[in-house]
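Input: a single structure, listed below in structure tokens.
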Amino acid sequence: MDKIAVERKWNELWQKSQVYKFDKKNVDNKYYVLEMFSYPSGSKLHVGHWYNYGLTDSFARYQIMKGKNVFQPMGFDAFGLPAENYAIKTGVHPQDSTLHNIEVMETQLKNIGAMFDWDHEIKTCLPEYYRWTQWIFAELYKHGLAYRKKAPVNWCPSCNTVLANEQVVDGHCERCDSQVVKKDLTQWFFKITDYAEELLDGLDGLDWPEKTKAMQRNWIGKSQGGEIVFDLADGSGSFKVFTTRADTLFGCTYVVLAPEHELVEKITLPEHRAEVNAYIEEVAKTNEIERLSTAKEKTGVFTGAYAVNPINGDKVQVWIGDYVLNSYGTGAVMGVPSHDARDYLFAKKHGLTIKRVIKGATADVDDSLPFCDYGVMCNSGEFDGLISEQGKLAVVQKLAEKGKGELKTNYRLRDWLVSRQRYWGAPIPIIYCPHCGEVLDENLPVTLPYDVEFRPDGTSPLAKHRKFIHDVVCPKCGAPATRDPDTLDTFVCSSWYYLRYPDAHNSDKPFDTEWIDKMLPVDKYVGGAEHACMHLLYARFITKALRDMGYLHFDEPFKSLVHQGVILGPDGNRMSKTHGNVVSPDDYVNVYGADVFRCYLAFGFRYIEGGPWSDDGIKAINKWLDRVERYVTAAYGDYAVTDKTGRDEKELNRVRNATIKAVDADYPSFSFNTAVARMMELVNALSKYDALPVKNANLYRATADDLLKLLCPLAPHFCEELWQQTGHSGSIVVSAFPVCDERALQAEETEILVQINSRPKVRLTVDATLPKQELQEFVLADESVKQAIGGSPVKNVIVIPGRLVNIIV
RNA sequence: GCUGGUGUGGUGGAAUGGCAGACGCGUCGGACUCAAAAUCCGAUGUUGGUGACAACAUGUGGGUUCAAGUCCCACCACCAGCACCA
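Pasting the structure below:
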């Protein structure tokens with residue numbers, strides 16, 4: 007068979023007959039399969055795309071054959087930084103390059119032979135989509151979930167531009183190598199932290215990999231402790247620290263503020279100012295990863311100020327240190343050198359007091375300092391003798407009575423910063439009016455202008471687009487106003503696209519609430535594990551926020567999640583241009599066809615593991631499909647079948663049904679490699695039968711039919727062609743998946759293993775229906791078993807019916 | 001550093017606590033052929049033995065069990081994620 011010609015033929019016929027069109031009337035039986043949509047990159051589809059889309063399509067095709075009404079859409083996450091960088095480099099407008107890339111990728115995606123419903127294609131960079139991204143911003147704003155505050159950005163003083171983390175290499179600008187500094191800008195945030203608790207709780211009910219759930223739990227990072235108020239010693243103000251170890255408060259001998267803490271400027275004494283300012287400037291140059299690195303020495307400087315430990319009135323020094331982050335907790339920590347390893351090092355280095363307040367619970371505990379485990383309080387006045395677990399509550403309670411503390415749950419999760427000082431994104435629908443302040447622009451879409459200047463010169467392309475910024479009046483009072491010059495993080499675009507798909511071109515609404523409640527949640531979501539914390543968390547947040555606004559009536563967007571593994575380059579590295587190890591599927595698809603390539607990807611890897619690329623064995627898959635063709639064709643010659651091995655047809659029927667059973671379990675669990683292996687076994691079984699010119703070949707033909715159906719999800723064109731060639735009517739791709747006949751699996755006789763003292767000794771063929779007791783008697787009566795035992799007394803016999811008998815002598 | 005994962009022949013990988021290595025690749029041998037390709041058949045964990053067979057084998061060392069790749073403990077290596085989380 008000329009596989010490539012056949013693929014072209016069926017691809018066209020399927021498009022024409024709209025065999026994959028989602029049946030809107032049959033929603034009760036819907037099955038929503040979604041692969042994370044593509045970024046329209048300038049390089050073509052790589053092997054990883056095929057691995058994700060091709061094999062998930064096989065899963066979707068399996069669901070169709072199991073009678074589901076499958077909805078499987080495709081689209082493009084089309085905004086983003088690379089297109090803008092490309093524009094700066096080449097002058098090609100992001101819109102032009104992006105739309106062109108999409109066109110190329112659409113053609114390539116169609117070659118996979120996936121049953122995407124292109125009628126509902128999404129391109130996030132089109133106004134028909136991003137107007138609703140802006141609508142989401144507007145709704146969050148109206149419900150108090152979008153707000154502005156100052157936040158630092160990476161700033162390259164030489165390029166005069168904001169850099170993404172990705173563009174900062176070792177603290178330097180990737181373009182000009184200048185030292186990158188932090189700069190505060192007022193930016194928009196989404197209040198994802200309002201949902202921290204629910205995002206955490208909701209994980210329990212999800213059919214997601216445990217690994218991913220664990221990562222989200224860590225990311226949300228719930229911790230329970232106390233918030234404690236420290237007054238400044240001169241009475242000029244106060245600040246709070248968060249701690250999970252309030253039981254160690256008596257050992258607090260200093261406090262450390264983040265260098266960015268708002269109080270630093272105010273409290274620093276004149277004689278310390280120079281040192282403090284120099285330190286702050288130095289910290290602005292480092293990124294968070296450097297600041298928090300364990301390998302780095304803990305640095306800090308004294309501000310000259312003192313605060314009062316609220317539990318015992320001690321005067322403690324106020325320091326600043328880069329290991330304290332302004333974005334976590336209260337931006338201030340108490341220093342307890344005796345019971346915290348980090349504080350211990352810090353205190354040793356700077357000569358600060360170390361005071362034990364916890365001792366080991368029992369004498370055998372090594373409680374030499376720093377002693378960081380729970381223990382018993384000491385040197386803590388009225389609290390002496392309390393164990394840490396009780397002590398940390400008691401201390402906070404005592405402080406609460408004086409208004410100096412409260413129990414507090416803290417989350418590591420931060421609010422979602424969505425402002426980007428970029429052009430190629432959805433404009434933020436906010437207008438600034440000199441009279442009314444910030445005003446939501448509900449006249450959507452706020453269209454992204456095409457004619458902009460990309461050359462970086464200190465302002466983003468939108469900010470210097472006079473017409474876009476200034477050609478606007480306040481919606482409230484009509485006064486001349488200005489637009490927000492920033493665009494939305496592309497994660498905002500991708501946080502709701504699964505809601506848009508089922509009705510992608512609706513121009514009245516982002517989605518129809520009644521319809522969406524029937525279509526969602528997504529039944530199977532497939533994509534890379536690298537999105538575990540960002541995209542997957544944002545999507546859950548948006549779903550919950552829209553639910554609380556009354557637009558949705560479900561809690562979670564993705565009921566079931568699968569991560570495909572990563573196909574590495576042949577050298578074992580991640581495929582990338584820099585490694586020069588990118589493998590193009592086209593080189594193989596042009597030679598062997600899409601079906602062979604899909605089957606190879608299915609067979610050669612554990613789907614969720616992935617691994618280094620190697621094309622060893624792709625020829626073998628090609629040959630195997632040729633074998634399938636030969637046996638299927640033979641079955642439909644005017645032939646019947648005799649058995650070369652001397653077994654009767656029962657054996658063929660048994661293998662046939664065993665294969666059905668196994669493959670029927672493998673597809674839904676994404677175990678494609680074993681599914682192929684089982685089908686190979688079936689073909690091997692078929693090969694044991696010779697075709698001879700007699701009639702009556704029903705079983706052989708039925709087996710061939712089943713084989714085609716089992717294989718169809720992986721090699722749809724190939725199977726459709728053979729289905730037609732063997733005279734069947736209708737399309738195999740929507741035919742019913744074979745059902746296993748359990749009766750065929752029940753053998754009358756079975757071989758069991760007899761072990762003596764757990765060592766395999768004798769094999770016996772026995773009646774498969776023998777109950778335990780009789781099986782034991784049968785085995786013990788057997789001559790060869792008696793011989794193997796050799797007269798030693800039998801102490802114990804373990805019988806596993808159908809498998810083995812273990813005789814302990 | 002913390003957390004999670006992985007570790008099985010020359011190789012990709014199979015194994016609800018029950019005969020480790022299914023199914024492939026590769027290699028070796030054979031059939032067909034003038035020859036090659038294609039196809040088909042057979043062998044293939046290691047060691048010892050002509051042999052039937054025996055011993056040893058799932059990163060290392062212990063443990064539980066009649067029975068461990070699988071469960072428990074410790075360690076080693078590699079990979080991924082997170083970065084002092086107060």
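Each number in my numbering corresponds to the 1-based position in the first sequence with 6 added.
Beta carbons: idealized from backbone N, C-alpha and C, even for Gly.
Everything numeric in this text was worked out from a predicted model, so none of it was measured.
Beta carbon of residue i, beta carbon of residue j: below 8 Å?
{"i": "V602", "j": "I627", "result": "yes"}
{"i": "I326", "j": "V262", "result": "yes"}
{"i": "P674", "j": "D712", "result": "no"}
{"i": "V307", "j": "T259", "result": "no"}
{"i": "D773", "j": "E789", "result": "no"}
{"i": "S47", "j": "F678", "result": "no"}
{"i": "V479", "j": "A252", "result": "no"}
{"i": "C439", "j": "K482", "result": "yes"}
{"i": "Y201", "j": "F560", "result": "no"}
{"i": "A545", "j": "F85", "result": "no"}
{"i": "Q78", "j": "V110", "result": "no"}
{"i": "L552", "j": "L526", "result": "no"}
{"i": "V159", "j": "V168", "result": "yes"}
{"i": "L688", "j": "V661", "result": "yes"}
{"i": "M383", "j": "L375", "result": "no"}
With distance defined between alpha-carbon atoms, name the residue in the options nearest to residue i.
{"i": "E90", "options": "Y429, G387, H278 and E109", "result": "Y429"}
{"i": "L567", "options": "F678, A551, V528 and V588", "result": "V528"}
{"i": "S466", "options": "D63, K9 and I94", "result": "I94"}
{"i": "V498", "options": "W141, A66 and V76", "result": "W141"}
{"i": "E615", "options": "D518, G534, R461 and F308", "result": "G534"}
{"i": "H4", "options": "F256, T250 and F676", "result": "Residue 4 is absent from the structure shown; the chain starts at 7 and stops at 815."}
{"i": "A710", "options": "T665, A753 and F678", "result": "T665"}
{"i": "I364", "options": "H356, F377, F352 and G357", "result": "F377"}
{"i": "K272", "options": "K15, C725, Q193 and G310", "result": "G310"}
{"i": "G227", "options": "D213, E233, D207 and V235", "result": "D207"}
{"i": "K188", "options": "E287, I198, L151 and W138", "result": "E287"}
{"i": "W422", "options": "D495, W124, Y350 and K355", "result": "D495"}
{"i": "K625", "options": "D518, G643, F611 and Y598", "result": "Y598"}
{"i": "G341", "options": "F256, N416 and S374", "result": "F256"}
{"i": "E134", "options": "H537, A641, Y507 and A794", "result": "Y507"}
{"i": "I738", "options": "A721, A750, E748 and A753", "result": "A721"}
{"i": "F784", "options": "L759, L51 and H356", "result": "L759"}
{"i": "H106", "options": "N117, K129, L87 and A120", "result": "K129"}
{"i": "A170", "options": "M383, V324, Q427 and G796", "result": "Q427"}
{"i": "M555", "options": "S23, N75, V25 and L151", "result": "L151"}
{"i": "D509", "options": "N224, H537, W138 and E266", "result": "W138"}
{"i": "G335", "options": "G231, L770 and L87", "result": "G231"}
So, for residue i: in the same chain, excluding its five sequence neighbours on each side, which residues have a beta-carbon less than 6 Å away from its beta-carbon?
{"i": "V314", "result": "D237 and A239"}
{"i": "S44", "result": "F82"}
{"i": "Y147", "result": "L446"}
{"i": "K410", "result": "V235 and P316"}
What are the residues that DSSP puts in a beta bridge with residue i?
{"i": "I758", "result": "L770"}
{"i": "N416", "result": "S229"}
{"i": "T249", "result": "G232"}
{"i": "M340", "result": "V261"}
{"i": "N160", "result": "L169 and K188"}
{"i": "Y153", "result": "F195"}
{"i": "G306", "result": "G327"}
Under 8 Å Cβ to Cβ from residue i, same chain only, skipping five residues before and after it: list those, please.
{"i": "D8", "result": "none"}
{"i": "V638", "result": "A710, L713, L714, L728 and T732"}
Starting from the C-beta of residue i, find all residues in its chain whose C-beta is less than 7 Å away, skip the five residues before and the five after it, and write them out in chain order.
{"i": "C165", "result": "C179, R181, C182 and P462"}
Any chance you could list the alpha helix (DSSP H) runs of at least 4 consecutive residues sitting entirely within the stretch 525-592, in chain order? 541-554
What are the start and end residues of each continuous beta strand (DSSP E) run of 3 or more residues lying completely inside the stretch 173-231, in chain order? 187-196
Segments of 3+ residues assigned as beta strand (DSSP E) that fall wholly inside the stretch 606-640: 616-618
Runs of 4 residues minimum, wholly inside the stretch 472-504: which ones carry the alpha helix (DSSP H) assignment? 472-476 and 496-499
Length at least 4, wholly inside the stretch 350-411: the alpha helix (DSSP H) runs in chain order: 394-407
To test your reading of the DSSP string, which unbroken alpha helix (DSSP H) runs of 4 or more residues are found completely within the stretch 766-815? 778-787 and 789-795
At 4 residues or longer, and completely inside the stretch 444-473: list those alpha helix (DSSP H) runs for me, N to C. none
Let me know the alpha helix (DSSP H) ranges lying completely inside the stretch 57-91, each 4 residues or longer, listed in chain order. 61-71
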